[in-house]
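Engineer: In this note's numbering, each residue's number is its place in the sequence shown (first place is 1) plus 10.
Each residue gets a CB set at the ideal place from its N, CA and C atoms; glycine is no exception.
Given the structure is predicted, the values throughout are model-derived calculations rather than measurements.
Before we start, here is the structure in question, set down as structure tokens.
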Amino acid sequence: MIVVDSAREEERLVTVYEPDPSIWTADFRAETLMRCGVCDNGERGPARRPYVEERDHRVAVVTAVPVEECPACGEVWIDEAVALRLDSLLTEMLSTETVAVRPFPETEATAA
Ligand SMILES: [Zn+2]
11 MIVVDSAREE ERLVTVYEPD PSIWTADFRA ETLMRCGVCD NGERGPARRP YVEERDHRVA
71 VVTAVPVEEC PACGEVWIDE AVALRLDSLL TEMLSTETVA VRPFPETEAT AA
């Protein structure tokens, strides 16, 4: 599926899982949305990366997960909505299969 309003969605991106929340200021979304706060040496950009989860000797791989990535240090950010969908998908996969590989499900909320 092709999402056409990716530019608008981009403005609503809220990062989760920062390694250190204290590095962000209150207005980081306005000033440093694309600036890497980890190395301060690169600009975050949309990318697609596989996500691997291992639980109880079971492995699930979700491919083409929409993320933001810093090309300088390789830090990856996952949008909260993406993280929630990813987690529910992983839980479903790991409950039924020993080794599972699936593409990330495309929806209107995961434009990258
Ligand atoms: Zn970086």
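1. Indicate whether Glu79 and Ala93 have their beta-carbon atoms separated by less than 8 Å.
2. For Thr106, which three-state DSSP category applies?
3. Use the C-beta contact count for Asp97: other C-beta atoms within 10 angstroms, 16 or more gives buried, fewer gives exposed.
4. Which residue marks the beginning of the beta strand (DSSP E) containing Ala57, and which one marks its end?
5. So who's on the other strand from Cys76, going by DSSP bridges?
6. Just checking Val48 against ligand 1 - is the residue's beta carbon closer than 7 Å to any of the ligand's heavy atoms?
7. Got a sec? Which residues, its chain only, sit under 6 Å from Val111 by beta carbon, not counting five neighbours each side?
8. Return the CA-CA distance between Gly84 and Cys46, expressed in angstroms with no decimal places.
9. If you run the structure through DSSP and keep just helix, strand and coil, what is Val92?
10. What separation, rounded to the nearest whole angstrom, lies between the Cα atoms of Glu64 and Thr108?
11. Please work out which residues of its chain come closer than 6 Å, Cβ to Cβ, to Arg68, disregarding the five sequence neighbours upstream and downstream, and give them in chain order.
Structural biologist: On the basis of the data shown:
1. For this step, residue 79 is matched to residue 69 along the sequence shown. For this step, residue 93 is matched to residue 83 along the sequence shown. No, the pair does not count as a contact, with Cβ atoms beyond the cut-off.
2. Looking up residue 106 in the sequence shown gives position 96. Three-state DSSP puts Thr106 in a helix.
3. Indexing the sequence shown from 1 puts residue 97 at position 87. When all chains shown are included, Asp97 counts as exposed.
4. Taking the sequence shown and counting its residues from 1, the one referred to as residue 57 is at position 47. It spans Gly55 to Arg65 - the beta strand (DSSP E) in which Ala57 sits, taken as one unbroken run.
5. Working through the sequence shown from its first residue, we reach residue 76 at position 66. In the sequence under discussion, the amino acid at residue 76 is Pro, which differs from the Cys named in the question. Per DSSP, Arg58.
6. Numbered from its first residue, the sequence shown carries residue 48 at position 38. Answer for Val48: yes, Cβ within range of ligand 1.
7. Taking the sequence shown and counting its residues from 1, the one referred to as residue 111 is at position 101. Result list for Val111: Val71, in chain order.
8. Within the sequence shown, numbered from 1, the residue matching residue 84 stands at position 74. Within the sequence shown, numbered from 1, the residue matching residue 46 stands at position 36. Rounded to whole angstroms, Gly84 to Cys46 spans 10 Å at the Cα level.
9. Sequence index remark: in the sequence shown, residue 92 carries index 82 (1-based). Residue state, collapsed to three classes: helix.
10. Residue 64 sits at position 54 when you count from the first residue of the sequence shown. Residue 108 sits at position 98 when you count from the first residue of the sequence shown. If you take the alpha carbons of Glu64 and Thr108, they lie about 10 Å apart.
11. Counting from 1 along the sequence shown, the entry for residue 68 is found at position 58. Leu104 and Thr108.
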